[in-house]
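Just below is one structure, and these are the notes that go with it.
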Amino acid sequence: MTINGWVQIALFIAILLLVTRPLGGYLDSVMAGRRTFLSPVLLPIERGLYRLAGIDPKEEQSWWLYARAMIVFHIVGFTFLYLLLRLQDLLPLNPQDMTSIPPDLAGNTAVSFLTNTNWQSYGGESTMSYLSQMAGLAVQNFLSAATGIALAMAFVRGFARAEAKALGNFWADMVRATLYVLLPACILLTIFYVWQGVPQNLASYVDATTVEGAKQTIAQGPVASQLAIKMLGTNGGGFFNANSAHPYENPTAFSNLIQMLSIFVIGAAMTNVFGRAVGDERQGWAIFAAMGVLFLIGTFFAYWAEAGGNPLIAALGVDNTAGNMEGKEVRFGTSLSALFAVVTTAASCGAVNAMHDSFMPLGGMIPLINMLLGEIIIGGVGAGLYGMLLFAVLAIFLAGLMVGRTPEYVGKKIEAREVKMTMLAILSLPLAILGFTALASVLPVGLAGPANAGPHGFSEIFYAYTSAAANNGSAFGGLSANTVFYNGTLAIAMMIGRFAVIIPMLAVAGSLAAKRKAAASVGTFPTHGGLFVGLLVGAILIVGGLTFLPALALGPIAEHFALLAGTLF
0 MTINGWVQIA LFIAILLLVT RPLGGYLDSV MAGRRTFLSP VLLPIERGLY
50 RLAGIDPKEE QSWWLYARAM IVFHIVGFTF LYLLLRLQDL LPLNPQDMTS
100 IPPDLAGNTA VSFLTNTNWQ SYGGESTMSY LSQMAGLAVQ NFLSAATGIA
150 LAMAFVRGFA RAEAKALGNF WADMVRATLY VLLPACILLT IFYVWQGVPQ
200 NLASYVDATT VEGAKQTIAQ GPVASQLAIK MLGTNGGGFF NANSAHPYEN
250 PTAFSNLIQM LSIFVIGAAM TNVFGRAVGD ERQGWAIFAA MGVLFLIGTF
300 FAYWAEAGGN PLIAALGVDN TAGNMEGKEV RFGTSLSALF AVVTTAASCG
350 AVNAMHDSFM PLGGMIPLIN MLLGEIIIGG VGAGLYGMLL FAVLAIFLAG
400 LMVGRTPEYV GKKIEAREVK MTMLAILSLP LAILGFTALA SVLPVGLAGP
450 ANAGPHGFSE IFYAYTSAAA NNGSAFGGLS ANTVFYNGTL AIAMMIGRFA
500 VIIPMLAVAG SLAAKRKAAA SVGTFPTHGG LFVGLLVGAI LIVGGLTFLP
550 ALALGPIAEH FALLAGTLF
């Protein structure tokens with residue numbers, strides 16, 4: 000580890016802290032329907048969209064109607080994207096004559112982009128037409144991100160409202176999140192990325208001759224526009240197979256910094272939105288602090304593991320002072336590669352600027368743990384906040400058990416119904432991850448996927464289902480996942496990870512919204528200080544440790560000790 004590496008990490012954290020509160024204020028105004036500086040331009044468009052769709056934004060929905068609208072929206076989106084991928088060979092904007100996507104891969108991809116996972120069992124530049132990239136994948140990048148923001152706001156209203164029957168209007172929340180937040184920001188980001196050297200065109204691929212005289216095909220396309228929402232919406236699906244390790248997706252250290260900030264800014268700002276909504280910004284900062292503690296721990300260990308390098312390589316007499324550079328870009332090095340890996344898995348992004356399969360065992364374990372905890376360390380846009388609030392409900396319940404008092408959080412009593420729904424949401428993740436990992440680890444069709452034997456091969460399978468169920472989308476690249484078995488089971492894991500969390504969460508929100516606000520008393524446990532932050536972090540680590548430690552021991556932990564013993568798998 001170097002001072003320069005830590006300065007770069009500190010710069011990222013400092014900028015994030017500076018933008019969290021201002022952006023939180025803007026998001027709060029937008030989602031509440033208040034006037035903002037963009038209203039003179041966008042309000043007529045917003046009203047026109049409501050009239051065109053027959054939506055009354057003032058007509059609010061119960062938690063069940065909100066959930067139903069969300070499910071119908073996803074069914075329609077899946078159908079459209081699946082058909083677009085299946086028929087892409089017959090549609091325009093296909094200068095490379097890409098063929099139709101096979102049924103299992105098309106289904107996996109449609110579910111993936113619909114659930115904000117963006118798992119890719121294919122190489123983008125060799126599989127998708129420009130129309131599929133723009134009208135299919137990029138559109139779903141916007142809509143899945145807007146869905147996350149809308150759902151988070153519904154949960155926040157559950158805490159903020161008293162004796163209410165409704166959580167807002169799903170359609171109005173979607174329009175506002177897309178029109179006022181995602182679209183304007185992505186226009187600016189697209190211009191920035193073009194300035195940095197990212198392509199934005201509809202030209203055919205270019206054939207070039209290398210200095211050795213070989214022929215090389217250089218892919219082109221509308222990359223910058225998809226890159227903008229890929230990062231801001233914590234989607235992560237790359238236009239190119241190498242994702243943000245590709246020089247056309249991430250040309251400079253400056254673009255790398257902006258991409259990492261884009262992944263985190265909305266998720267961080269949503270904590271401030273929560274504080275504003277419940278009338279005490281300290282509540283939002285407490286949630287942010289719990290996320291920050293987990294993030295800093297992960298960043299330290301990931302950077303430490305990668306900066307130390309591979310002892311087996313050093314034993315061969317190879318200079319190891321640059322750290323473990325296998326699978327990394329020289330323009331980023333170990334510090335920015337480790338930071339990007341932690342950022343992309345702390346949020347549900349999944350974009351990569353280095354190959355996680357080539358990380359050291361403990362370096363690769365940190366991204367894995369980030370996802371196993373439920374993508375609540377900043378998390379996806381909106382999804383991170385409601386995931387963390389579910390753990391806050393659990394932490395408050397545990398505190399109530401310890402003191403023999405009915406637990407309360409921001410004035411709402413946490414009772415049996417809320418705890419049951421919370422546990423249903425939290426336990427759905429290990430059910431999908433461990434169940435499918437066990438299945439793939441014993442069936443021949445599953446064992447045919449990993450490129451490595453031993454603990455690392457197990458980690459490749461374990462990482463894939465963790466990434467899918469956590470709606471992250473990154474991968475240990477050694478797994479060959481484009482098979483009927485993996486496409487099918489990963490798609491199911493993605494749906495469980497998304498909808499088995501969302502629906503119980505909305506049920507909790509509806510139950511809380513109907514309750515009265517309890518006045519604070521001398522016996523009320525304060526939830527804006529260090530004690531609560533420690534309790535919340537402890538609850539997260541205990542649940543994650545008890546659930547996933549055996550699987551980690553079979554994978555990256557076993558690989559780490561094998562490495563120390565001088566054994567390669």
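Heads up: the sequence shown begins at 0 in numbering that gives the first Met the number 0, then just goes up one per residue.
Ideal Cβ placement from N, Cα and C applies to all residues, glycine included.
Cut-off 8 Å between Cβ atoms - residues of its own chain near residue i, not counting five sequence neighbours on either side
i: residue 81; result: 105, 106 and 109
i: residue 287; result: 19, 267, 270 and 271
i: residue 440; result: 446, 457 and 460
i: residue 123; result: 132, 236, 237, 238, 239 and 240
i: residue 1; result: 306 and 334
i: residue 315; result: none
Close-in-space but distant-in-sequence residues of the same chain around residue i (CB under 7 Å, 5 per side omitted)
i: residue 248; result: 197, 222, 226, 237, 238, 239 and 242
i: residue 361; result: 300, 304, 555 and 559
i: residue 282; result: 273, 274, 409, 526 and 527
i: residue 103; result: 483, 486 and 487
i: residue 83; result: 131, 134 and 135
Backbone CA spacing between residue i and residue j [nearest angstrom]
i: residue 390; j: residue 421; result: 8 Å
i: residue 25; j: residue 35; result: 7 Å
i: residue 415; j: residue 458; result: 37 Å
i: residue 305; j: residue 333; result: 6 Å
i: residue 383; j: residue 455; result: 28 Å
i: residue 101; j: residue 555; result: 34 Å
i: residue 163; j: residue 509; result: 8 Å
i: residue 393; j: residue 448; result: 37 Å
i: residue 323; j: residue 121; result: 27 Å
i: residue 517; j: residue 527; result: 16 Å
i: residue 58; j: residue 284; result: 32 Å
i: residue 405; j: residue 289; result: 23 Å
i: residue 562; j: residue 317; result: 17 Å
i: residue 151; j: residue 166; result: 11 Å
i: residue 251; j: residue 43; result: 38 Å
i: residue 203; j: residue 187; result: 25 Å
i: residue 194; j: residue 3; result: 26 Å
i: residue 137; j: residue 228; result: 7 Å
i: residue 430; j: residue 504; result: 17 Å
i: residue 472; j: residue 92; result: 26 Å
Proximity test, residue i beta-carbon vs the ligand PLP heavy atom, cut-off 7 Å
i: residue 423; result: Annotation note on the ligand PLP: not contained in the displayed structure, which lists no ligands.
Pair within 8 Å by beta-carbon distance, residue i and residue j
i: residue 493; j: residue 114; result: yes
i: residue 499; j: residue 489; result: no
i: residue 367; j: residue 465; result: yes
i: residue 374; j: residue 469; result: yes
i: residue 308; j: residue 319; result: yes
i: residue 350; j: residue 378; result: no
i: residue 169; j: residue 149; result: yes
i: residue 257; j: residue 331; result: no
i: residue 297; j: residue 365; result: yes
i: residue 45; j: residue 231; result: no
i: residue 176; j: residue 65; result: no
i: residue 523; j: residue 417; result: no
i: residue 141; j: residue 181; result: yes
i: residue 321; j: residue 340; result: no
i: residue 413; j: residue 435; result: no
Host beta strand (DSSP E) of residue i (start-end)
i: residue 419; result: No beta strand (DSSP E) holds residue 419; the alpha helix (DSSP H) holding it covers 415-441.
i: residue 375; result: Counting along the chain, residue 375 falls outside any beta strand (DSSP E), and DSSP gives it neither H nor E.
i: residue 215; result: 214-217
i: residue 55; result: Careful: residue 55 lies outside any beta strand (DSSP E) and carries neither H nor E.
i: residue 206; result: 205-208
Continuous alpha helix (DSSP H) stretch holding residue i: start and end
i: residue 195; result: 182-195
i: residue 27; result: 2-30
i: residue 87; result: From DSSP, residue 87 is part of no alpha helix (DSSP H); its letter is neither H nor E.
i: residue 555; result: 555-563
i: residue 155; result: 138-159
i: residue 385; result: 382-402
i: residue 36; result: Where residue 36 is concerned, there is no enclosing alpha helix (DSSP H), given that its DSSP letter is neither H nor E.
Chain-order list of residues whose beta-carbon lies under 6 Å from that of residue i (same chain, five-residue window excluded)
i: residue 160; result: 512
i: residue 444; result: 484
i: residue 94; result: 203
Short CB-CB distance (under 8 Å) between residue i and chain C
i: residue 535; result: Here there is only one protein chain, and chain C is not present.
Which full runs of the beta strand (DSSP E) of 3+ residues lie inside the stretch 219-251, going along the chain?
Here no run is fully enclosed.
List in chain order: all unbroken alpha helix (DSSP H) runs of 4+ residues lying wholly within the stretch 444-501.
With a minimum length of 4 residues, the unbroken runs of alpha helix (DSSP H) contained wholly in the stretch 444-501 fall at 453-468.
Can you list, in chain order, the stretches of the alpha helix (DSSP H) that have 4 or more residues and sit fully within the stretch 92-126?
Those alpha helix (DSSP H) runs which fall completely within the stretch 92-126 and span 4+ residues are 102-113 and 123-126.
Enumerated in chain order, which unbroken segments of the alpha helix (DSSP H) with a length of 4 residues or greater are wholly contained in the stretch 274-361?
Qualifying alpha helix (DSSP H) stretches, in chain order: 280-307, 310-314 and 332-345.
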